[in-house]
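For the protein sequence lines, the chains are V and G, in the order given. Counting along the first sequence from 1, when you hit position 143 you're at 143 in our numbering, and nothing is skipped either side. Counting along the second sequence from 1, when you hit position 357 you're at 1357 in our numbering, and nothing is skipped either side.
Protein chains: 2
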Amino acid sequence: MKQLSGRLLSKLSCNAILVSANQNILFLTGFDGFCKGEREAYLLLTKQKNYIFTDGRYTEAVKKFIPNFKLIEISPSKKFTDILKEIVVKEKIKKIAIDEDDISVKEFLKIKKIVKVCSDKNTIQKLREIKKPYEVSQIKKACRLGDLTFKHILAQIKTGITEQELSKKIEMFILSKNASISFAPIVAFGDNSSSPHHVAGSKKLQRNETVLLDFGVKINNYCSDMTRTIFFGKATDEQKRIYETVLEAQNKAIKFLESSIVNRKSIKCFEIDSVSRRYIISQGFPSIPHSLGHGIGLEVHENPRLSPKSDSILKKGMVFSIEPGIYIPGFGGVRIEDLVFYDGKNPQLISRAKKQIIEL
Amino acid sequence: MKQLSGRLLSKLSCNAILVSANQNILFLTGFDGFCKGEREAYLLLTKQKNYIFTDGRYTEAVKKFIPNFKLIEISPSKKFTDILKEIVVKEKIKKIAIDEDDISVKEFLKIKKIVKVCSDKNTIQKLREIKKPYEVSQIKKACRLGDLTFKHILAQIKTGITEQELSKKIEMFILSKNASISFAPIVAFGDNSSSPHHVAGSKKLQRNETVLLDFGVKINNYCSDMTRTIFFGKATDEQKRIYETVLEAQNKAIKFLESSIVNRKSIKCFEIDSVSRRYIISQGFPSIPHSLGHGIGLEVHENPRLSPKSDSILKKGMVFSIEPGIYIPGFGGVRIEDLVFYDGKNPQLISRAKKQIIEL
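Listed below in structure tokens is the structure:
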């Protein structure tokens, strides 16, 4: 950590980095006890020390699990900003890098009064883009359980089941395998599938309806994410044409990756998006109303983004989704999503559930 | 909503309110499809219109479920800030109120370039403090299932079970009743219970250990939260003394509420905290290393805060926890938590699981 903070600080030309985002704290400390969505801790990496600020609910745990950080207990009468001020004076800190995507206006206005601030330029998020072997192995484990869940859930699909019920079955199966869900499963029947992020509701499944399933597993804090679309009954010719177009859009993106890796040095993430997107449009369908894909790790959605405006460059060690989709309001939608790990030589497909058209 | 925005705008002396926090959007629209922890939508309430900004993944759902808001689809080429600029010009907006706890520095710096901003003074959070009858009924439902879960889980406690396994059992039971958890259950055995927010781990339960269980249910987006501490075997005299002190600290807070309601007009939330805290200290134990309690509703932790520095005043319709605790590092801890609904006449205890000392 000492070495890391030195390297980061020299890059950012500042004297300290304030780490606030929950997943960045988890990444740097390995401690997963802080509640996501609440501000329960900060890390401060300076040239002299690594500090962790948290309240009395966590001091015991921090002493035990994060011994390499200097613990500073904060409370309503011993505020974070007061102690920050003391450290700034003591260590003669001139400028602190903050995470501009995570620090709130209220925090910013308080910190600015104490010390000059600058952007941390997403330094920690960028470190997280490149997965270490342990991280890849956890994501792969999560994907394997995702594949198994899909197989299990296919047998549960029957007339009259509701989206909510099927969603719960996904959740229960994952829990029963001693893992967690990485997000609330998306289950969409019939024309609900034209809503890419449909909230599973009380709709009951009828024959000849589409079933879109998008779910993820979390193992040791690492996430998977997969989407399959199947047909409960016979797919119509139009449904088949949509399905095959989406599948081909995904294949084209993967083939583009394979050939680019062989032929070139640098692949831009927006180019991968563009391959799938252009193919779908060329077949007469509307453009994908979302990015083609996203990085994944401690969070379901993280860098790199595979979107039309992404400035990311593909790097060895990245794990990301490729998930083209076609959505026709009033008719339905199809999305197929798999995770890809770029090992420096090949784009490895690490979710493996069946993708040939399924008619139940 | 029209009426609401007019009322809010006149209070804040600005021309528009930007609503960004996920739970505030849910509160104002009733739509629970946006992912918590990601910025997927904004609301803009102006004198003329109510707008909702979101991307293509949600346009179908918004049209269906939030028809009273003007939908504006944003995308990488049609950015939120560009459209905001157009509206600011068109509606001659001079100043926009923002949620300083939620808007990030990056967003703030962009918005500031377009229009003057001011704090929304937690207007929506304050509205959420006072629960409507429907909201109270949902929290009560969640509490009832919490009580049932506790009863069910008591029968699952046995030698050798791990914290994680017991935590999963809580989760599975809640899911099987068609509800969700409101947060990852805290299960702490033995001296792990001295960590108020212990993360359930691989520790196996042995005879004569404390079992601290803190979990919540979510029904129709409304949360419950309850803590019970039991003894797996005979409690020692010291454990009993700690338990009875915590229970009495909770009783004293409730009695203070009852008598204050009868005698006085205004009750400050910090006073309730103080009653329990002072009692625990008076018995020779360390002060509670957290607040005595917190409001609850769409979020597990929301206003009002029952903490030493809280400036909230108790109002009819508030629902909050009362959860004193004593934690002795290396020995263990006890916390007892219940939810209270203040109906204007009485502090109603709405979680009802047994609180007499339990020795299994």
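Glycine included, C-beta positions come from ideal geometry on N, C-alpha and C. All of these numbers come straight from a predicted model, not from anything done at the bench.
Do residue j and residue i come within 9 Å of each other at the CB atom, strictly closer than that value?
| i | j | result |
| --- | --- | --- |
| G/Gln1023 | G/Lys1036 | yes |
| V/Ser202 | V/Glu163 | yes |
| V/Ile96 | V/Ile111 | yes |
| V/Ser321 | V/Leu306 | yes |
| G/Phe1256 | G/Phe1189 | no |
| V/Arg57 | G/Pro1289 | yes |
| V/Pro324 | V/Arg335 | yes |
| V/Ser287 | V/Lys252 | no |
| G/Tyr1243 | G/Ile1357 | yes |
| V/Pro308 | G/Pro1304 | no |
| G/Glu1073 | G/Thr1046 | no |
| V/Val246 | V/Ile157 | no |
| G/Ile1124 | G/Leu1084 | no |
| V/Val105 | G/Val1105 | yes |
| V/Val136 | V/Ile254 | no |
For chain V, check one thing: does any of its Cβ atoms lie closer than 9 Å to the Cβ of residue i?
| i | result |
| --- | --- |
| G/Asp1102 | yes |
| G/Arg1277 | no |
| G/Asn1178 | yes |
| G/Phe1183 | yes |
| G/Asp1225 | no |
| G/Lys1109 | Note that residue 1109 of chain G corresponds to Leu in the displayed sequence, not to Lys. It does: the Cβ of G/Leu1109 has a partner Cβ on chain V nearer than 9 Å. |
| G/Lys1126 | no |
| G/Lys1203 | no |
| G/Lys1095 | no |
| G/Lys1085 | no |
| G/Lys1240 | no |
| G/Lys1158 | no |
Residue i: buried (16+ other C-beta within 10 angstroms of its C-beta) or exposed?
| i | result |
| --- | --- |
| G/Thr1081 | exposed |
| G/Glu1100 | buried |
| V/Gly344 | exposed |
| G/Asp1273 | buried |
| V/Gln239 | buried |
| G/Ser1194 | buried |
| G/Gln1206 | exposed |
| G/Asn1208 | exposed |
Spell out whether any CB of chain G is found under 9 Å from the CB atom of residue i.
| i | result |
| --- | --- |
| V/Ile52 | no |
| V/Cys269 | no |
| V/Lys168 | yes |
| V/Cys35 | yes |
| V/Gln164 | yes |
Which same chain residues, not among the five before or five after residue i, have their C-beta less than 8 Å away from its C-beta?
| i | result |
| --- | --- |
| G/Ala1142 | Ala1179, Ser1182, Gly1216, Val1217, Lys1218, Ile1219, Tyr1222, Cys1223, Ser1224 |
| G/Ala1061 | Phe1031, Gly1033 |
| G/Asn1050 | Met1001, Lys1002, Ser1005, Leu1043, Leu1044, Asn1068, Phe1069, Lys1070 |
| V/Glu258 | Asn346, Pro347 |
| V/Ile153 | Leu166, Lys169, Ile170, Phe173, Leu213 |
| G/Leu1145 | Ile1174, Lys1177, Ala1179, Val1217, Ile1219, Ser1224 |
Taking residue i as the query, report the chain G residues whose CB atoms sit under 8 Å from its CB, ordered along the chain.
| i | result |
| --- | --- |
| V/Ile98 | Val1105 |
| V/Pro324 | The premise fails here: V/Pro324 is roughly 13 Å from chain G at the closest Cβ pair, so nothing lies under 8 Å. |
| V/Asp55 | Pro1289, His1290 |
| V/Phe69 | Those within 8 Å of V/Phe69 in chain G number zero; the least Cβ separation is about 17 Å. |
Which same chain residues end up closer than 6 Å to residue i when comparing Cβ atoms and leaving out the 5 residues on each side of it in sequence?
| i | result |
| --- | --- |
| V/Ala21 | Asp99, Asp102 |
| V/Asn263 | none |
| G/Lys1140 | Ile1350 |
| G/Ile1267 | Ser1260, Leu1314 |
| G/Ser1312 | Cys1269, Pro1304 |
| V/Ile161 | Leu205 |
| G/Gly1293 | Leu1306, Phe1320, Ser1321, Ile1322, Glu1323 |
In chain order, what residues of the same chain have a beta carbon less than 7 Å from the beta carbon of residue i, not counting five sequence neighbours either side?
| i | result |
| --- | --- |
| V/Lys116 | Lys94, Lys95 |
| V/Asp120 | Leu12, Ile17, Ala97, Ile98, Asp99 |
| V/Ile66 | Thr29, Phe31, Ile52 |
| V/Arg352 | Asp147 |
| V/Val300 | Ser182, Phe183, Gly216, Cys223, Asp225 |
Below 8 Å on C-beta distance, what does residue i contact in chain V?
| i | result |
| --- | --- |
| G/Met1172 | Met172, Leu175, Ser176 |
At a CB-CB cut-off below 7 Å, which residues of chain G make contact with residue i?
| i | result |
| --- | --- |
| V/Glu60 | Ser1194, Ser1195, Pro1329 |
Output, in chain order, the set of chain V residues within a Cβ distance shorter than 9 Å of residue i.
| i | result |
| --- | --- |
| G/Phe1189 | Neighbours of G/Phe1189 on chain V: none; closest Cβ ~14 Å, over 9 Å. |
Note down, in chain order, every chain G residue with its Cβ under 9 Å from the Cβ of residue i.
| i | result |
| --- | --- |
| V/Ser307 | Pro1076 |
| V/Asp32 | Val1199 |
Residues of chain V with CB closer than 7 Å to the CB of residue i, please, in chain order.
| i | result |
| --- | --- |
| G/His1301 | Glu38 |
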